[in-house]
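2 protein chains.
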Amino acid sequence: MARLAGVSRATVSYVLNNTSAVRISEPTRRRVHEAAKELGYVPHAAARSLRAGHSRMVLMPAPRVPVGPLYSRFFDELQWSLSRLDYTVVQYGGVGLHGDEAARAWAELRPVAVIVPDEGLGPKGVAVLKRSGARAVVTMGPEHVEGAHALVMDHQEVGRAAGAHLLDRGRRRLGVVVPEARGLDVFSRPRLAGVRRAVRGTDATVTELPLAYEEEAAARLAARWRSLGLDAVFAYNDEYAMLLMRALQDEGIDVPGETALLGADDLVLGRLLRPRLSTVHLRLPAGRDLAELVDRVVRDPTAVPETHEVLGSRVVHRESS
Amino acid sequence: MARLAGVSRATVSYVLNNTSAVRISEPTRRRVHEAAKELGYVPHAAARSLRAGHSRMVLMPAPRVPVGPLYSRFFDELQWSLSRLDYTVVQYGGVGLHGDEAARAWAELRPVAVIVPDEGLGPKGVAVLKRSGARAVVTMGPEHVEGAHALVMDHQEVGRAAGAHLLDRGRRRLGVVVPEARGLDVFSRPRLAGVRRAVRGTDATVTELPLAYEEEAAARLAARWRSLGLDAVFAYNDEYAMLLMRALQDEGIDVPGETALLGADDLVLGRLLRPRLSTVHLRLPAGRDLAELVDRVVRDPTAVPETHEVLGSRVVHRESS
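Those protein sequence lines, which keep their order, are chains A and B. Heads up: the first sequence is residues 121 to 441, going by the numbering used here. Heads up: the second sequence is residues 121 to 441, going by the numbering used here.
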């Protein structure tokens, strides 16, 4: 390869291993890469990371809950931004692994950075990752974890905004849908707590409504709706709101006359319903900002962990509330 | 660690590197693992794969299109099944990489198996992966790729089933929605071709209807609907069908009286619409079957590549068609 590129073997090695200690001109780099390509050479990421001491891999455990369109868009942008900064994003399948146990598994791949999209990682897990060479550990959970940079996603605030809106609309007996689907309680619990916080100091009440994402379950809930005596419901998100709206309408219950209905996520489908669905619009952090935070910390791993409040909540008032 | 476990250093190394050449009893293995855990030892997957010659990593590039609930369920089951067979699944972020170029990037991680969930990988890419140590390469695309095992996903058949159903219902002027969203044409083109195949030899016509997933775009299409003279439409999937149904109803067009409407995917939301949505139910391969195929090929990489037809299509007739 050195002969084909017209450079020394040491230069080939420096270029292919991306050594930053040695300064090599851009044209030379290009010549080496072209020669490598022509010869069908595939560098070994593992070997390269062993030599360099770290990789360019950003590991991101796959979220443990089914992802919605909001998260997909955020993740696409994050991935794109990291690839422009020359990182490779791998999503680690986390089935059956939890908390610090999961961290040990991630550490085996020797990522240079780890972004954890939900809660569960503790200070021990952060330490394991750092000992294994991760320079940046960023969590996206409800609270800060010792040793890690934190994007704090405050789902209580989603519930608080929902509760405050329904109170504003003159409602006093609020139902809150809590999905029965495995894993969603990391979001639904704080949302419920947020609604409770909103009504504190008022005469309003909050009733928890467990619900499976199935037509029959919604019909059963609608059938006993009038006995619950509710005048409003925060339905967790737009998809559950759609499910419940249909069941209430089939039962002859007027939305919003008899019961106000509020979703969350601001999906297109909410505007297709009649009445049009009111919703809590969520703003996830910009993928580009997060990519830049990761890159900054990789370059200076001694930086003091930062905590950023993200996830803006804003109610979009349409016709259902 | 050897002292803590009460075994020789060689035994520790054999156990931690999972060497199969040496027979070591289960209690001894357990003692070594416990000692490793107590000492906070994290094995280095890279080093381990260098020594062993291959890893337990199954690499799966992330699909290039937003995934729906169907794919999520399939992927969860696949991941679960592979983890039970002691594989680690990593999803590789494929932004900006295409075809054989992508294969080179995947090869850097030295996965023992690669599952490609969409098309784009060619025979060259398969060869690069195999040269880099991948024992199993499985593609899930419209056709077989040389050197790889193939789960053939025939989206033409989805369109053919849709077209045949609408003909059965006495319709003759069929519209087919083709989403404008980036990336979806790998599914929408063959589905359109399938509808065309269904009408071959009849007096029915097929009209292509490009559509963005936006309320305004659907309203524009509905406004010129009567000038198109269609009596049926296959709306690509249930979400586009919902979007179009609302726009047609707002325009005073009766579904199914004036226009029959058919979705695909059989999502819950289809049953929540009025009229209830007819749909093409798709059956993805079982994650467990795919996991077992991967494991079988990893154990015997010389096995002749298999081709399996997957993706069953079956029309569920409700009220909209």
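Even for Gly, the Cβ is constructed at its ideal location relative to N, Cα and C.
- In chain order, Gln211 make up the part of chain A whose C-beta sits under 7 Å from the C-beta of alanine 182/B.
- Valine 353/A and methionine 365/B have their alpha carbons spaced roughly 27 Å apart.
- Residue range 358 to 370 is occupied by the alpha helix (DSSP H) that includes methionine 362/B.
- Classified as buried, aspartate 415/A has 16 or more neighbouring CB atoms from the shown chains inside 10 Å of its CB.
- Residue-level contact by beta carbon fails for valine 319/B and chain A, as no gap is shorter than 8 Å.
- At a beta-carbon threshold of 9 Å, none of the residues of chain B lie near glutamate 266/A; the nearest stands roughly 17 Å away.
- Here aspartate 323/A has Arg292 as same chain residues with Cβ atoms under 7 Å from its own Cβ, once five neighbours each way along the sequence are excluded.
- Here arginine 317/A really is in contact with glutamine 276/A; their C-beta atoms are around 7 Å apart, less than 8 Å.
- By the rule that beta-carbons nearer than 8 Å mark a contact, methionine 362/B touches chain A.
- According to the DSSP secondary-structure assignment, arginine 403/A is paired through a beta bridge with Gly432/A.
- With 16 or more other Cβ atoms from the protein chains shown falling within 10 Å of its own Cβ, arginine 311/A counts as buried.
- Contact holds between the stretch 229 to 246 of chain B and the stretch 256 to 271 of chain B, because three or more Cβ pairs, one in each stretch, are under 8 Å apart.
- Rounded to the nearest whole angstrom, the C-alpha separation of glycine 290/B and leucine 393/A is 30 Å.
- Listed along chain A, no residue sits closer than 9 Å to glutamate 300/B by beta-carbon distance, the nearest being about 14 Å off.
- Annotated three-state conformation of leucine 179/B is strand, per DSSP.
- Under a criterion of Cβ atoms nearer than 9 Å, no residue of chain A is adjacent to valine 315/B; the nearest Cβ is some 25 Å distant.
- In this structure the stretch 405 to 420 of chain A lies against the stretch 189 to 196 of chain A, because at least three pairs of beta carbons, one per stretch, are closer than 8 Å.
- CA-CA distance, threonine 399/A to valine 298/A, rounds to 16 Å.
- Taking all protein chains in view, the Cβ of alanine 343/A is surrounded by fewer than 16 other Cβ atoms within 10 Å, so the residue is classified as exposed.
- Chain A has a Cβ within less than 8 Å of the Cβ of alanine 225/B.
- Proximity to leucine 363/B across Arg123/A, Val388/A and Thr259/A peaks at Val388/A, based on C-alpha coordinates.
- If you draw a straight line from the Cα of glutamate 228/B to the Cα of serine 433/B, it is about 37 Å long.
- Residue-level contact check: glutamate 263/B does not touch chain A, since none of the beta carbons of chain A fall below 8 Å from its beta carbon.
- The beta carbon of alanine 339/B sits closer than 6 Å to those of Ala367, all from its chain and outside the five residues before and after it, given in chain order.
- Cβ neighbours of aspartate 220/A within its own chain (closer than 6 Å, five residues either side excluded): Gly242, Lys244 and Gly245.
- Taken in chain order, the unbroken stretches of alpha helix (DSSP H) that lie wholly in the stretch 373 to 400 of chain B and span 4 residues or more are 388 to 392.
- Using beta-carbon distances, glutamate 439/A does not count as an interface residue toward chain B, since no partner is under 8 Å.
- Non-local beta-carbon contacts of glycine 213/B in its own chain, meaning distances under 7 Å to residues more than five positions away in sequence, involve Ala182 in chain order.
- Of Glu300/A, Asp385/A, Ser441/A and His437/A, the smallest CA-CA separation from glutamate 334/A is found for Glu300/A.
- Interface residue (Cβ-Cβ distance to chain A less than 8 Å): serine 203/B is classified as such.
- Relative to valine 210/A, the option among Ser308/A, Leu179/A and Tyr134/A whose CA is nearest is Leu179/A.
- Residues Val435 of the same chain have their beta carbon placed closer than 6 Å to that of histidine 285/B, with the five preceding and five following residues left out of the count.
- Taking aspartate 386/A as the centre and dropping the five residues before and after it, the same chain places the C-beta of Asp358, Thr399, Val400, His401, Leu402 and Val436 closer than 8 Å to its C-beta, in chain order.
- Scanning chain A for C-beta atoms nearer than 8 Å to the C-beta of glutamate 412/B yields nothing, as the closest lies near 16 Å away.
- Shown here for arginine 438/B: same chain residues with a beta carbon closer than 8 Å to its own, the five before and five after excluded, namely Gly390, Arg391, Pro395, Arg396, Leu397, Ser398 and Thr399 in chain order.
- Counting only runs that start and end inside the stretch 292 to 316 of chain A, there is no alpha helix (DSSP H) element of at least 4 residues.
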